Structures are given as C-alpha cells and as structure tokens.
Amino acid sequence: MSDYQNPMKGSPLEVKVISGRFHLPNSTSIDIYLAHDGYKALEKAFQMGPEAVINEVKNSQLRGRGGAGFNTGLKWSFVPKQSDKPKYVACNADESEPATCKDRPLMEYDPHQLIEGNIIAGYAIGSHQGYIFIRGEYRYLMEIVDRAIAEAYARGYLGKNIQGSGFDFDLCTHTGAGAYECGEETALLNSLEGLRGYPRVKPPFPAVVGVYGCPTVVNNVETLCCVSHIVLKGADWFAGLGTPKNGGTRLFCLSGHINRPGVYELPMGFPLRRLIEEVGGGVLGGRKLKAVIPGGSSCPVLTADEIDVPMDFDSLAKIGSMLGSGGVVMIDDETCMVKVAQRIMKFYAHESCGWCIPCREGTAWLKSLLDRLHGGEGLPGDPDTALDVSYNMLGKTLCPLGDAAAMPTISIVNRFRREFDEHVKLGECPFERTAVAV
Amino acid sequence: MLSEALQKRFDEVIGRYPLKRSAIVPLLLFAQDEIGYITDEAIQEIARRVEVRPIEVIEDIGYYSMLHRRPIGKYNFQVCTNVSCQLRGAEGILTHCSKRLGIGHKQTTPDGLFSLEEVECIGACCGAPAMQVNYDFYENLTPERVDRLIAELKKDGGSPLGTGDSARS
C-alpha cells in the first residue's frame, strides 16, 4: 500500500463542487464518472447551442483560475465566430507557480471532469482539437489523463460525431519538459509549436492569433473543471456560491507554517483568517503569524494584520495583492523575510526566459543583491536599490514574469523594511532559526 | 538505434499535431526516458522525423530544464527547495541527501545509481518538504524517510513511499 497521501485533507467547511467526486473509489474511471452526472453537461450543452453556453459561462462569473482572473465566458466570446482557420483549445496544466498544487488532484482524481470541460469549451468556440499541456514533472498525471482520454474515445465522448450530436472533438495531452515560463499563455503556445517557451507580443491575443496562428482559447485546469457544473446547474447557482463578480469555489492550497497543510475547496470570498485558523488549524506549533503569501509566490505578501480579507480577486486587489493561483503560504514570526525574498528571487532568476531585458537583468541583479543582504554583506542602500530595480521591471516585460518577480520583492521590502536594515546593521542574519525541519 | 517501441511512439505523437515540430519536446523527453539522456543520434532522428534542422532541436534542449545531454543516475533525486518546502525544512533534506549520497547539485554517484538536483517548485507544496525521484513524488520527507527510500531503491528498485506505479495500484 502506498504511503503517499491524498492532498485533499478535508474540512467540514468545504463546499465541494469540482472536488465532489474525489472520494469515490476508482474515481478516475468513466463508469464512476457517468454514474455521478458525468458527461450530462455535454449533452445539455449540445441542446443549448454554443452561444448560450458562452453566455451561461459568462454570467456565472467564472474567472480564470490560473491567476489572471479574467472572465472565462468573455475570453471565449473573443474567439471569432467565423474563421477560415481551425480553432484550438489549449488547457494549461503546466502548474508551476510556487505554492500551487491544486491541478494535481483535479487530474489525479477526476480526469473526466477536465475532459468534459475541454469538450464543452471546444463546442462553445467551434474548435475540434484540444491539447492539455501538462508540465513534464507531472508524468503520472499525464498517464492518468491519457487513460481517461482513451476511455472517452472508446465510449464516443471524443472523436467524430460525439454522442450523435454531429460535433467532432479530438483531445490529447502534450508534455512540457521543465519551464515555469510555459505556464504563461503565449509562451505555452510557442512551446506547443515546438519552440522555446518565449512569450509573444500581445495583441494579437491568443483568442484571435494563437497556436499555429489560429484562434485559441487557453484555460487553466481548474477553470475548465468548473464548466460542466455551470452548464448543468446554471450560471446563477455558480455565481451565487461566491461573492459579486467572483463566481464559484476555489481550490486553496495551504502550505508553509500551517497545522493542516492541504488542498481545500471553499467558496470564493472565504475569509483568509478563517482559512488559516479554522480550515488550516492555525499556525504550526502555535507560533505567531508574520506574513501570508495569498496566491502563489508572484503575489505581494500580506502581513498578519491584513488577513481580514475575503479571498476573491477583487478584495485582494483592493488591498494591493492578488488571489493568483490559490497557493496560500503561511509564514511564522521566526522566519527571516529577507531569506523568503531571496528564495523567491532565486526562483524567478532561474525561470526568467531571458527574452525581455528588464526581467533577465532585473531578476539576476535582485538575486545577487538579496544573496548579499542575507549573507550579511549588504550595503545601507541595498533595500532601496532592491525597490528601484523592482519598480523598473514592473510593466516593462512582454509577459507577467517580470512583474511576478518584482511584486513580492516590493511588498516584502516595504512591509518588512526593518529586517532588511537589521541585516545591514548587524552584518548577519538576525534569525538563528531559518529553516528548521519540523 | 532507437527501439521499435520508441519509434512507434514517435509516429503516434507526431500524428497528434498539424505541425510536426510540435512533437519535438515530447519526443526528446520520451527518448531520454528510454536512453537515459539525449544522444546525438536521438537529436538527428527527431530532427529528421519532424523535418527541422538538428540545431533547432538542440535549441530546445538548452531551454527545457528536464532535458539533459549527459547520462545521469538511474535514480534522479530532485529536491524542491522553493518557498513552501523551504519553510518546512527543505534545506535540511537537501543537505541530508547530499551527505548520504556523497554528491552535490547535478552530480552523479560513481556507480551511476544516484543523481542529485536542487529543483524549483514541483507542485507538492501541501506535502512539503518534497522531492521527485525520476517521475515519482515523495512527500512529507524527514531524514529517516530519505534513508529508507535510498535503502529501498538500492534493494528493490522502488519504494512504496511515493506515487510510483507500484504504489498507486
């Protein structure tokens, strides 16, 4: 028997929509899926027609779960109705944002839900081919999804004339091979074309000029997993689960200094404080909370005083951060924030694709500056230099990786300035304990 | 020579795309899975099949971090030290692996059995600290669990501690 643990730890506060089938024995099989409302939404979508499906998804207030939070139905509506070229669905399963591990259980325990979402997206925009771009490290998940795709073909849910509808849709997986940048939608498209994963200039947006120069919708795994539920139960029901303009639920990945790390499905807008204290069981070892990364390492960090915030796109934007990809990291008061900033920058410096100079140079310089600061060799002007470099990256790159590196740095320097100055003054890290094994 | 099974897989994968070169990265990874690393021959063969120049295949290899041009150990320890893992003691796990295996970052043991690599987030944040050995995930690591894993890999070539095929069924 495997010692490997299901990341879905469970909480009575959960509202299970897209994780609703995870607990079923043999949940990946098409028979189990069919016995629990599987592929019913597809049938309904065929009756509704593409236009009505797009409107339903638009009205459901489903917003992109990869992090950008754009209204999914609206994104679909940008795809030209009439096109001489074929259209494509590209599902982004390149989950690589640090602290994010929610697409894993979605593929591991309910691959057909994802497949159905892909087919409905294809039907809505008039596409007949979808690709699920899975990060190379997720090989075992690709195998699970591949098996499910084969089952769907065998039962007539993929391929020609799906269930007698006259609609054709082919779907396959595509493996990445290790590159965070490929999670950015235009870099993903280049990678899917067999090129290096460099971002493209937008506009044109992928909805008009995507993979192979054809109209393409790029949607995150979690986003597409919501679609069948919206079609089946209606836009109003889905929108009503969350807060205004933030429909549905969200898979939150609690990690770091928390008693019950895990992936939990909660309504959009769930209060961060309750997420930490009630769902996650509070800060590890009863220690005090110092900071929270609310949605993956790209997001500006929050201090312990800022956790009375509903976890939805607009509420976090209002306080200067982001809901991002749902990766919530708790950081206790014994942690050195300079070291956190340093580790985050090491990541972005490693992953910067090098295409845009502000990002390529900025991340490398920030990394060496933060290394020096944490190593006790920082100069009095270093914290300001870190801010200066970061502000010069913001908004100056083709893709958001430059911003993703700058934003957490700015927030950490500004909110924890004293720790930076202390490193400079002492000539060493004031935190003896930096990463004690628990 | 690439095996018959691999050749067949190449055909199947290339057939998925309207543009053959889309298959480059998957083919490289599947070739590496079989051979252990990306050989000159594999590059030539992939270039020929997807109808690009070999330099275009090499260009991709330099970009994607999972692809390598030199043989590595049979068991590649990829220890995540990104923020969620770091907060739960990943640096200690990396040091422990390094000590036990007697190798550092991107090195291989002389017997060719183990390699070690410090990697970026692998998506196992809720099971931190975590690592992958080849494609299998090992989570909630402690020095003791690492020791057990190394012993089991040496003895049985697998371990029920992870997500491997033997473990999942």
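These protein sequences, in sequence, are chains A and B. Counting the first sequence from 1 gives a position; this note's numbering is that position plus 8. Counting the second sequence from 1 gives a position; this note's numbering is that position plus 4. Note that the Cβ used here is the ideal one computed from N, Cα and C, for glycine as well. Quick caveat, the model's predicted, so the values are computed rather than measured.
Asked: Mind pulling the chain B residues with CB within less than 8 Å of A187 of chain A?; Found: Y67, Y68, S69
Asked: In angstroms, rounded to a whole number, what distance separates the CA positions of T251 of chain A and C222 of chain A?; Found: 35 Å
Asked: On a Cα-Cα basis, can you pick out the residue from A:R258, A:F175, A:E230 that is closest to R112 of chain A?; Found: A:E230
Asked: Terminal residues of the continuous alpha helix (DSSP H) containing G335 of chain A?; Found: Note, G335 of chain A: premise wrong, no alpha helix (DSSP H); beta strand (DSSP E) at 335-340.
Asked: Could you have a look at V17 of chain B and say whether DSSP puts it in helix, strand or coil?; Found: helix
Asked: Closest to I18 of chain B by CA distance: which of B:S7, B:G96, B:R52 is it?; Found: B:R52
Asked: To the nearest angstrom, report how far apart C180 of chain A and Y139 of chain A are at their CA atoms.; Found: 5 Å
Asked: At a Cβ threshold of 7 Å, is T183 of chain A touching chain B?; Found: yes
Asked: At which residue ranges does the segment 149-209 of chain A contain complete beta strand (DSSP E) runs of 3 or more residues, listed in the order of the chain?; Found: 178-183
Asked: Throw me the rounded Cβ distance for the N86 of chain B and P212 of chain A pair, which I believe falls under 8 Å.; Found: Incorrect: roughly 34 Å between the Cβ atoms, too far for contact.
Asked: Please report how far the alpha carbon of I127 of chain A lies from the alpha carbon of L50 of chain A, in whole angstroms.; Found: 8 Å
Asked: Would C437 of chain A count as contacting chain B if we go by Cβ distances under 7 Å?; Found: no
Asked: Can you tell me where the alpha helix (DSSP H) with N267 of chain A in it begins and where it stops?; Found: Careful: N267 of chain A lies outside any alpha helix (DSSP H) and carries neither H nor E.
Asked: What are the partner residues of L274 of chain A, as DSSP defines its beta bridges?; Found: A:R258
Asked: Does the separation of the CB atoms of I107 of chain B and T113 of chain B fall below 7 Å?; Found: yes
Asked: Residues in the same chain with beta-carbon distance under 6 Å from G46 of chain A, minus the five sequence neighbours each way, listed in chain order, please.; Found: H120
Asked: Using only CA atoms, which one of A:V239, A:A132, A:H431 lies nearest to K52 of chain A?; Found: A:V239
Asked: Using beta-carbon positions only, say whether N254 of chain A and G74 of chain A come within less than 7 Å of one another.; Found: no
Asked: Pick out the complete beta strand (DSSP E) segments inside the segment 328-390 of chain A, 3 residues or longer, and give them in chain order.; Found: 335-340
Asked: Which partner residues of C84 of chain B appear in the DSSP bridge assignment?; Found: B:V123
Asked: Are there 16 or more other CB atoms within 10 angstroms of the CB of Q171 of chain A, so buried, or fewer, so exposed?; Found: exposed
Asked: Are the C-beta atoms of E145 of chain A and some chain B residue less than 7 Å apart?; Found: yes
Asked: Which residues of chain B have a Cβ atom closer than 7 Å to the Cβ of G270 of chain A, listed in chain order?; Found: C130
Asked: So, is the C-beta of C125 of chain B closer than 7 Å to a C-beta in chain A?; Found: yes
Asked: Skipping 5 residues on each side, what residues in its chain have a beta carbon closer than 8 Å to that of A412 of chain A?; Found: S305, S306, Y356
Asked: Is there at least one Cβ from chain B nearer than 7 Å to R295 of chain A's Cβ?; Found: no
Asked: Which residues share a DSSP beta bridge with N79 of chain A?; Found: A:R71
Asked: At the level of alpha carbons, what is the spacing between R25 of chain B and G202 of chain A?; Found: 5 Å
Asked: Between which residues of its own chain and V348 of chain A is the CB-CB distance below 7 Å, once the five residues before and five after are set aside?; Found: I339, I420
Asked: Taking one C-beta from the segment 427-436 of chain A and one from the segment 397-405 of chain A each time, how about it: are there three or more such pairs within less than 8 Å?; Found: no
Asked: Would you say H265 of chain A faces chain D, with C-beta separation under 7 Å as the test?; Found: Of the protein chains in the structure, A and B, none is chain D.
Asked: If you run the structure through DSSP and keep just helix, strand and coil, what is L310 of chain A?; Found: strand
Asked: What residues from the segment 87-116 of chain B come within 8 Å of chain A, judged by C-beta to C-beta, listed N to C?; Found: V87, S88, Q90, L91, R92, G93, A94, E95, G96, I97
Asked: Anything in chain A within Cβ reach of Y139 of chain B, meaning under 8 Å, just list it in chain order.; Found: E145, R147, Y148
Asked: For T417 of chain A, does the three-state DSSP call read helix, strand or coil?; Found: helix
Asked: In chain order, what residues of the segment 345-361 of chain A put their CB closer than 9 Å to some CB of chain B?; Found: K347, V348, R351, I352, K354, F355, H358, E359, C361
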